[in-house]
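Take the sequence shown: its letter number 152 is residue 152 in full-length UniProt numbering, and every next letter is one higher.
Note that CB positions come from ideal geometry on N, CA and C, so glycine has one too.
Model, not experiment: these values are computed from the prediction.
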Amino acid sequence: CCVPCKITLDELETLCRGERLYCQELNVNRANVNDYEVEFLCDYKRTKEGEEFYFVKWKGFPESVNTWEPKRNLKCPKLMKLFHLDLDQILKRQKGRGLPKRLDKETVLILIQKAKLRQSLHQWEIHLNKTRNHPGRIFVINEVDLDGPPKHFTYINNYKVGPGIVINEMAVGCECTDCVNEPVNGCCPGASLHRMAYNDKGQVRIRPGQPIYECNSRCNCGPDCANRVVQKGIQFDLCIFKTENGRGWGVRTLQHIKKNTFVMEYVGEIITTDEAEKRGHFYDCQGSTYLFDLDYVEDVYTVDAAHLGNISHFVNH
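Have a look at this one:
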């Protein structure tokens, strides 16, 4: 069984430091018990003498105990770099003339919002990567506005079958040991009077609109079979990012992907066409739709990825 945590490890570490308790598992000892971690930087100022100070939000502590610290006391170069990247972006929009000695309240508020946004997106990124069952990692970035993770979306790896729908398992499988080079009776595609969809590198070699018949659980071939591509999941690192043209979220690759190579499957909730008609009217009023009909044989089912789906939910055109 699973029991929800009463307190996070970060909160427990903060509690130990506050009570000066040593904990080997949390790496809190006599040497570092008085060390505190910077969560993010909120503000900046420069004295007449040229000394720089930062207003620090301490990890595990409320904002009411934020403190001004001289730059020389801070050992957080990455956070400092992010702070100044955000600040430079804000000053450019304000058409400022370089770094001022003191920041105005509006600028400070935006800096804090961007820091908190970065935290929430990072936590969502961690959640997505804990949830995924595919090799390809997921990254999340928003350098455009202050929109955080979508509130009504759940990441899933496989289709969720809606009420009243029964998906029949494959009745037969192939008898091949090498499905691409030595197929028996045409392998699984041949049983349906079609040709093999992939070459030996797993790239699609048939025309768009033709069906792909992959090997299944009843086949003699193993999990490394070249005719098992989609079922192996996403193989490439992908990034969910906020578009600059007002189209919301999008997806981009972080590496070169060869032509005709599988990237992702459109995953969501499988519903009836009648249910899809009802949802479609609602989605049309919202100005967006995530409905795709499964209509190769007959138009009976539809995939809805509006609230349940994988990274394909965020693909934009």
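Give the DSSP-derived three-state secondary structure of residue i in the structure shown.
{"i": "residue 272", "result": "strand"}
{"i": "residue 125", "result": "helix"}
{"i": "residue 165", "result": "coil"}
{"i": "residue 187", "result": "helix"}
{"i": "residue 377", "result": "Absent from the model: residue 377. The displayed extent of the chain is 1 to 317, so no value can be given."}
{"i": "residue 61", "result": "coil"}
{"i": "residue 141", "result": "strand"}
{"i": "residue 107", "result": "helix"}
{"i": "residue 86", "result": "helix"}
{"i": "residue 28", "result": "strand"}
{"i": "residue 219", "result": "coil"}
{"i": "residue 8", "result": "coil"}
{"i": "residue 214", "result": "coil"}
{"i": "residue 23", "result": "strand"}
Would residue i and residue j be called neighbours here (beta carbons separated by less than 8 angstroms)?
{"i": "residue 285", "j": "residue 220", "result": "no"}
{"i": "residue 162", "j": "residue 269", "result": "yes"}
{"i": "residue 290", "j": "residue 305", "result": "yes"}
{"i": "residue 55", "j": "residue 42", "result": "yes"}
{"i": "residue 39", "j": "residue 71", "result": "no"}
{"i": "residue 251", "j": "residue 240", "result": "yes"}
{"i": "residue 238", "j": "residue 311", "result": "yes"}
{"i": "residue 183", "j": "residue 194", "result": "no"}
{"i": "residue 315", "j": "residue 244", "result": "no"}
{"i": "residue 301", "j": "residue 90", "result": "no"}
{"i": "residue 297", "j": "residue 265", "result": "no"}
{"i": "residue 203", "j": "residue 261", "result": "yes"}
{"i": "residue 114", "j": "residue 146", "result": "yes"}
{"i": "residue 36", "j": "residue 30", "result": "no"}
{"i": "residue 80", "j": "residue 87", "result": "no"}
{"i": "residue 46", "j": "residue 28", "result": "no"}
{"i": "residue 78", "j": "residue 66", "result": "no"}
{"i": "residue 236", "j": "residue 257", "result": "yes"}
{"i": "residue 218", "j": "residue 170", "result": "yes"}
Excluding sequence positions up to five away, which residues of its chain have a Cβ less than 6 angstroms from the Cβ of residue i?
{"i": "residue 49", "result": "none"}
{"i": "residue 199", "result": "205"}
{"i": "residue 308", "result": "154, 156, 160, 268 and 269"}
{"i": "residue 135", "result": "235"}
I'd like to confirm the pairing. Which residues does DSSP put opposite residue i in its beta bridges?
{"i": "residue 154", "result": "308"}
{"i": "residue 45", "result": "53 and 102"}
{"i": "residue 203", "result": "261"}
{"i": "residue 35", "result": "None, per the DSSP bridge assignment."}
{"i": "residue 160", "result": "269"}
{"i": "residue 178", "result": "182"}
{"i": "residue 13", "result": "Looking at the DSSP assignment, residue 13 forms no beta bridge with any residue, so it has no partner."}
Below 8 angstroms CB to CB, which residues in the same chain sit around residue i once its five sequence neighbours on both sides are set aside?
{"i": "residue 129", "result": "137 and 138"}
{"i": "residue 140", "result": "121, 122, 124, 125, 128, 149, 239, 240 and 241"}
{"i": "residue 83", "result": "40, 41, 44, 54, 111 and 115"}
{"i": "residue 191", "result": "172, 174, 185 and 213"}
{"i": "residue 103", "result": "43, 44, 45, 87 and 111"}
Please list, in chain order, all residues of the same chain as residue i whose beta carbon is under 7 angstroms from its beta carbon, the five residues on each side excluded.
{"i": "residue 149", "result": "120, 121 and 124"}
{"i": "residue 179", "result": "187, 215, 221, 225, 226 and 227"}
{"i": "residue 280", "result": "289 and 291"}
{"i": "residue 152", "result": "307"}
{"i": "residue 117", "result": "142, 146 and 148"}
{"i": "residue 366", "result": "Any answer about residue 366 is impossible in this case: the structure gives the chain only from 1 up to 317."}
Entirely within the UniProt domain "SET" (236 to 317) and at least 3 residues each: give me those beta strand (DSSP E) ranges in chain order. 238 to 242, 249 to 253, 269 to 272, 291 to 294 and 301 to 304
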